[in-house]
Structures are given as structure tokens and as C-alpha cells.
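Novice:
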């Protein structure tokens, strides 16, 4: 549990939460009638197991972990949407939350009407909402659609409006679940700026995200959950490093933890190497992609490739050995390095994919889309770029008459 000299905004002690998962599902009316009175079979699934932590006032606290770790369940317990089966949660201060897109919105009402509905649910008076409506609308960028029914909105539009209302409540405690991963790049940047403003104001934020770069940039402390259990609590860099070390260790084990495809005459493993400390890569710093290969039989026209993808599955960039190396004949075992002199990736979480194939025929011997998961943090000269890669450009003013 975190310690602090100040009063805690949130204290969770020995929290347990279970759900019933029904294992015998009737699919027809006849089955329902026949089984009436016999009871339904179910298993108990513990989403949270003895979770304890403290969030000091004024702290931005991240919760990280893989899918099914219990992150969103923990936020719902903190926001009182769910009641723990065991343990206690105490919050001290006015709380606002944005946990699910469209939560608190009525699909048949317009965006304007839902601002007042959602704001009242979060504890704002009608007079306050009227006074802040223009600011909420401007932040959301939804001027053209505010009088349309929200059932016509996209997920990004839901996120814009929901986040705008939540942050204009002026909460002492703000709970946010993955909203920064939704919407376009401009809206994401606006969210980051608002989160930084809230943090600078000394308010308390609990932030759940799969984007470890977002967590490291925004948070002071973090908690890592795995299958409902606390694995680590402490400074954000230390906790993220422990989590990444655990993830990476799963990929180092041959044949487990990663998807593979290919005919198997040769196999390849790729990993990232850098000269810095910790597990995070740094924008602008050199990085090596080291390939280790095993040829179970001679390969005459080997081609190596690696690709970087976002957590959403979009390919950002890639490289193949064709243009810089002669045709490779592989026998036995060996290593190959692809050197990136200055990593262009901006802060975020990414996947490394790698493959070994035949240059001319396109045949694939071995391929994995999840060779490694890694995190990128800003360099010492962070330029304020946004997106996935830095353009590494420069700005200058052209004197009058010199423009071409």
C-alpha cells in the first residue's frame, strides 16, 4: 500500500469482488421449461482478490495490467457502481467518473439535453451547467452535432461529450477509464492537456489505460493488477518496468505466449536492445532489433523483416533485409541486427512483429505479430509532436520576399 504524509483521497482495504458465470445456458424455450426449478449451474469468478491501496490527495494514480486484470472492475467499485463482496473503499472528496462511453446518456435525447442530464447525475446544478455549457461544448468540438440525438453519435463523439462533461464538474477526484484511447488525434491531445491541467491544480486522478506511455506521462504512482491481484504498487516508472519485464518474460519462453505461423523449416526470435536503463525505450535514442534464427534445414534465399504496430493493430512502419543485405543462406544458428539510429516513435505502447521468409517466392518459414510488447517514453528534448512518429522537422519564419 502507498504511504503518504498527507490525507488519502482514496483508501481501499482488502477488496474482493466476484461475478457469477453461468456454465449451463439453455438455448431453446423447451430447454428452459424442462429445466425450470432445477437451478442454473454457475461458477464464481473473482475479478478482484484482496486488493489494498491508497491514493494520496493530489496524486495521479495509474492502474495497469492486461485484459481481464480487474482494472475496470476496480474503477467501478471506486465509483460505487459495484459494491465489493468483501473489504472497504473510502473516498474523500467530490468525485466524477468517465468509465464507459455513453454512461449516463439517454440515446433518444440530443447532445445538449444529455449534457444537462449527465451533469446533473454528476452533481452539477442546472444553473452551473448553464454557466459552463459553452466551455463544455467548445472543449468537445461538437457544435455541429449538439442538437442531434446521441443515438446517431459515433464512439468518438460519445467520448468527446462524456469527457467534456466529466472534467467540467470540477471534481476533487476524477476516475477515467481508457478515454484517451478513443477519438481522433486532436481530441486525444486536448484530453492530455486537460488531464495535465487537472493534475497541476492538485486534484486526484485515477487513470486506467493499456497505453503505458500515457500512464508514465500522466501518473505519479501506479498499481499493477493481474487476474484481480495486486502485483506491484509504487512509483509509476518502477511499476511499469516490473509489468513490462513480466510481459517480456512471457515472450522469451519458446512456443508460449505468442502467436506463430509459417512452415517451420526455420525459426526466428527478435528482441529490442537499447543502451538505457529500465525496460522503456526513449524517443530519439538508438535501438537495435536483434534477430536470432535457427535453420532446421538449409535456407537459400532468406529474408528477414520486422514491423512496429500500435496497440490498436495498425502498422506504423517496417523494414526488410532485401535492400541492405545480399541473399542470405542460412544453416544452423545465427544472429542478425537491424539498427535504428534514432527511434522516431512517440510515447505509447507498441508491438514488435518479426518474420523470416523466402525472398523470391514469398514463402513464410516463421512469423509472429507479437514478438515483443514495449513502451516508449519521451526523450530529453521532447518536441511536443503528437501521433505515433516524430517528423523531426524544424520551424522557422521566412523573411518577406524570400518565400519561393
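Numbering (the UniProt record's numbering), first residue to last: 1 to 404.
Built from N, CA and C at the ideal position, the CB exists for glycine as well.
Tell me which same chain residues have a C-beta within less than 8 Å of the C-beta of residue 281, skipping the five on either side of it?
Specialist: Counting only Cβ-Cβ distances below 8 Å, and skipping sequence neighbours, we find 272, 274, 287, 343, 345, 374, 375, 376 and 377.
Novice: Report all residues from its chain with a CB closer than 6 Å to the CB of residue 70; omit the five preceding and five following residues, and keep chain order.
Specialist: So the list reads 47, 48, 225 and 228, once near-sequence residues are dropped.
Novice: On the three-state DSSP scale, how would you describe residue 219?
Specialist: Three-state DSSP puts residue 219 in coil, outside helix and strand.
Novice: If residue 363 and residue 263 are in contact, beta carbons under 8 Å, what's the gap, nearest whole angstrom?
Specialist: 7 Å between Cβ atoms; contact.
Novice: Does the contact criterion of 3 or more C-beta pairs under 8 Å hold for the stretch 134-142 versus the stretch 162-180?
Specialist: Verdict: yes, contact present.
Novice: Between residue 7 and the rest of its own chain, which residues show a CB-CB distance below 7 Å, the 5 nearest in sequence each way excluded?
Specialist: Only 57 and 92 meet the Cβ criterion.
Novice: Helix, strand or coil for residue 189? Go by DSSP, reduced to three states.
Specialist: The answer is helix: DSSP assigns residue 189 an H, G or I state.
Novice: Consult DSSP for residue 349 and reduce its assignment to one of helix, strand or coil.
Specialist: Correct three-state label for residue 349: strand.
Novice: Taking three-plus beta-carbon pairs below 8 Å as touching, is the stretch 386-396 in contact with the stretch 322-336?
Specialist: No, the stretch 386-396 is not in contact with the stretch 322-336.
Novice: Please report the residue range of the alpha helix (DSSP H) in which residue 434 lies.
Specialist: Outside the displayed range of the chain (1 to 404) lies residue 434, so it cannot be described from this structure.
Novice: Work out the CA separation of residue 171 and residue 351 for me, nearest whole Å.
Specialist: Whole-angstrom Cα-Cα distance: 35 Å.
Novice: What residue from 43, 51 and 84 has the CA that sits closest to residue 14's CA?
Specialist: Considering only alpha carbons, the answer is 51.
Novice: Counting Cβ pairs closer than 8 Å, one from the stretch 116-131 and one from the stretch 204-224, do we hit at least three?
Specialist: The stretch 116-131 is not in contact with the stretch 204-224.
Novice: Specify, as a first and last residue, the run of the beta strand (DSSP E) that residue 61 falls within.
Specialist: Per DSSP, residue 61 belongs to the beta strand (DSSP E) from 60-64.
Novice: Apart from the five residues on each side of it in sequence, which residues of its chain come closer than 7 Å, Cβ to Cβ, to residue 59?
Specialist: Taken in chain order, the residues that qualify are 204, 220 and 221.
Novice: Using the Cα positions of residue 148 and residue 223, report the straight-line distance between them to the nearest angstrom.
Specialist: So the two alpha carbons sit approximately 40 Å from each other.
Novice: Beta-carbon separation of residue 99 and residue 175 under 8 Å?
Specialist: Taking 8 Å as the Cβ cut-off, residue 99 and residue 175 qualify as a contacting pair.
Novice: Please classify residue 17 as buried or exposed, where buried requires at least 16 other C-beta atoms within 10 Å of its C-beta.
Specialist: Residue 17 comes out buried.
Novice: Compute the Euclidean distance between the alpha carbons of residue 394 and residue 386, then round it to the nearest angstrom.
Specialist: Their Cα atoms are separated by approximately 15 Å.
Novice: For a test of the three-state rule: what should DSSP assign to residue 197, helix, strand or coil?
Specialist: It is helical.
Novice: What did DSSP end up calling residue 214 once you bin it into helix, strand or coil?
Specialist: Looking at residue 214 - three-state DSSP - the assignment turns out to be helix.
Novice: Using the Cβ count rule (16 or more neighbours within 10 Å means buried), how would you classify residue 151?
Specialist: With fewer than 16 Cβ atoms within 10 Å of its Cβ, residue 151 is classed as exposed.
Novice: With a threshold of 8 Å on Cβ separation, who are the neighbours of residue 254 within its own chain once the five nearest residues in sequence on each side are excluded?
Specialist: Here residue 254 scores only 43 on pLDDT, less than 50, and its place in the model is too uncertain to base an answer on.
Novice: Beta-carbon separation of residue 371 and residue 354 under 8 Å?
Specialist: Their beta carbons are under 8 Å apart, which means residue 371 touches residue 354 by this criterion.
Novice: Output needed for residue 87: all residues of its chain with C-beta closer than 6 Å, excluding positions within five of it in sequence on either side, in chain order.
Specialist: Only 13, 14, 15 and 16 meet the Cβ criterion.
Novice: Using CA coordinates, which residue listed in 44, 78 and 9 is at the minimum distance from residue 20?
Specialist: The option with the nearest alpha carbon to residue 20 is 44.
Novice: Can you round the beta-carbon distance between residue 230 and residue 64 to whole angstroms, since I take them to be within the 8 Å contact cut?
Specialist: That pair is no contact at about 11 Å.
Novice: Taking residue 447 as the reference, which of 337, 317 and 313 has the closest Cα?
Specialist: Here the chain comprises residues numbered 1 to 404, so residue 447 is not present and cannot be evaluated.
Novice: Residue 135 and residue 168: beta carbons closer than 8 Å?
Specialist: The answer is yes: Cβ separation under 8 Å.
Novice: What distance in whole Å lies between the Cβ atoms of residue 289 and residue 305, which are believed to be in contact at a cut-off of 8 Å?
Specialist: The pair is not a contact, with the Cβ atoms about 10 Å apart (cut-off 8 Å).
Novice: Closest to residue 234 by CA distance: which of 53, 77 and 85 is it?
Specialist: Of 53, 77 and 85, the residue nearest in Cα terms is 53.
Novice: Alpha carbons only, please: which of 301, 397, 9 and 315 is nearest the one belonging to residue 94?
Specialist: Comparing Cα-Cα distances from residue 94 to each of 301, 397, 9 and 315, the minimum goes to 9.
Novice: Would you grab the beta carbon distance between residue 78 and residue 90 for me? Rounded to a whole angstrom, and I think it's under 8 Å.
Specialist: About 10 Å separates the two Cβ atoms, so there is no contact after all.
Novice: Any chance you could list the alpha helix (DSSP H) runs of at least 4 consecutive residues sitting entirely within the stretch 113-182, in chain order?
Specialist: If we require 4 residues or more, the alpha helix (DSSP H) runs fully inside the stretch 113-182 come out as 126-140 and 155-167.
Novice: Judging by CA-CA distance, which residue of 238, 302 and 379 is the nearest neighbour of residue 323?
Specialist: If we check each option's Cα against that of residue 323, 302 comes out closest.
Novice: Measuring only the C-alpha atoms, how far is residue 120 from residue 197?
Specialist: Spanning the two alpha carbons is a distance of roughly 23 Å.
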